[in-house]
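In the numbering used here, the protein residues as written are 186 to 262.
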């Protein structure tokens, strides 16, 4: 599983496939104020990115992917 959830944060780790979008959405619905940590994310399926863009959670960390860091992170902040 590339989505790890704890009490305060949601961690996206490695390559997040489409199946992770459901897990991410449920975690954000349960606690919308949880921070999403993108620091260990390498790639995100578009479905995962869409959940992030729709939910607009607080985010931290800089993804290792230049594309994610440059484009997605800018849209989320």
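By construction, the Cβ of each residue, glycine as well, lies at the ideal position given by its N, Cα and C atoms.
Item: Straight-line Cα distance separating residue 227 from residue 186; Value: 14 Å
Item: Among 193, 244 and 256, the one whose alpha carbon lies nearest that of residue 222; Value: 244
Item: Closest by C-alpha distance to residue 196, when choosing among 224, 257 and 250; Value: 224
Item: Inter-residue Cα distance where the pair is residue 200 and residue 253; Value: 12 Å
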